[in-house]
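J.:
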Amino acid sequence: MANMREIKNRMKSIEDTLKITNAMYLISSSKLKKARKQLEATEPYFELIQATLIDIIAHSPDLKNPYLRKKKEGEKPKRGYLIMTADRGLAGAYNHNILKMAEQEIKGDPDARLFVIGYMGRNYFGRRNEASMDDDFLYTTQNPTIYRARRIAEKLLDLYLKEELDEVYVIYTKMISQMESEPKILQVLPLNPKKYIMAGRTRPKRYTDFQPSVDAVLNRLVPNYIKGLVYGAMVESFSSELNDRMMAMEGASKSAREMIQSLGLLYNRARQAAITQEITEVVGGARALRKK
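Residue numbers (the working numbering): 207 to 498.
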């Protein structure tokens, strides 16, 4: 059995770890609430843009626009992937799940271009060199902002309009509930007309006059819409990371408390054994003195 000093040192070490896990849980909880409030504050604006896009595309099925570019038959599309990961671990399977999905998507497409957000993802793909990763694309999902989302969206839109990319996808993690999140892939460019036409059928028919032209309005709306999609994906990813970290820290704190309790029992047994040993030695010494 370990001596009391060793047990005491182990208990102190675990108690220090417990303080850290509790602090990380509380910090993640506070940041999660703030992130969700930010998303809720901006959602109405981007939902209005989406509704306007539905009105335009659903009622202009023959519209020709770069953002509605169709795939060229017989040609392999040049794909770009915006992959959102965390800057650190200690978040359960969060990074593993998103990287696994990204690996599956780019498998067999060595020409795919990767735009990776977060240190964990950049480190992962940087070591593998399975696809072309943009080394100058240095962004984080931590504390997402509209400004950062706009910079990212502008980069992707520029490559798309220059026809350096034919398709752009976002791979992110969506928070389903407080107990569940899952990786998702979303095609952001080109826009899928069928999706908007189907959505338009469920909306009341109305005539809207777009000035100076439908095409000009679409060219102004789409960049803002893409910015909204990127921002929403960043907030969802950041929220999922925080939520997974909260659950991981909660599990770690529970395990730490159980270990402290077990070590406490072990310490009491060791202490009891030491006291018994001392009493036995005292009694033995007293008997030896009587015999003399």
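All C-beta atoms in this analysis are idealised placements derived from N, C-alpha and C, irrespective of residue type, glycine included.
Counting C-beta neighbours from all protein chains within 10 Å, is the total for L371 16 or more, i.e. buried, or is it exposed?
T.: The residue in question, L371, is buried, as its Cβ has 16 or more Cβ neighbours within 10 Å.
J.: Sorted by chain position, which residues of the same chain lie with C-beta nearer than 6 angstroms to I255's C-beta, five sequence neighbours on each side aside?
T.: L427, N430 and Y431.
J.: Pairs of beta-carbons, one from the segment 466-475 and one from the segment 383-400, closer than 8 angstroms: are there three or more?
T.: Touching, no, given that fewer than three Cβ pairs across the two stretches are closer than 8 angstroms.
J.: Can you list, in chain order, the stretches of the beta strand (DSSP E) that have 3 or more residues and sit fully within the segment 245-299?
T.: Complete beta strand (DSSP E) runs here, min 3: 285-290.
J.: Taking only runs that begin and end inside the segment 321-375, name each unbroken alpha helix (DSSP H) of 4 or more residues, in chain order.
T.: Segments of the alpha helix (DSSP H) lying fully in the segment 321-375: 325-334 and 352-367.
J.: Which residue from K243, I263 and T248 puts its Cα closest to that of V423?
T.: Among K243, I263 and T248, the Cα nearest to that of V423 belongs to I263.
J.: Return the CA-CA distance between A439 and S266, expressed in angstroms with no decimal places.
T.: Approximately 28 angstroms, taken between the alpha carbons.
J.: With burial defined as no fewer than 16 other Cβ atoms inside 10 Å of the residue's Cβ, what is the status of A359: buried or exposed?
T.: Buried, because 16 or more other Cβ atoms sit within 10 Å of the Cβ of A359.
J.: Determine, using beta-carbon pairs with one atom in the segment 295-311 and one in the segment 273-282, whether at least three such pairs fall under 8 angstroms.
T.: They do not touch, by the three-pair rule.
J.: Where do the ends of the beta strand (DSSP E) carrying S387 lie?
T.: Taken as a continuous stretch (DSSP letters only), the beta strand (DSSP E) holding S387 covers E386 to L395.
J.: For S446, does the count of other Cβ atoms within 10 angstroms reach 16, so buried, or fall short, so exposed?
T.: Label assigned to S446: buried.
J.: Let me confirm a value: V436 is counted as buried when at least 16 other C-beta atoms fall within 10 Å, else exposed. Which label applies?
T.: When all chains shown are included, V436 counts as buried.
J.: State the beta-bridge partners of S383 as determined by DSSP.
T.: According to DSSP, S383 bridges with E386.
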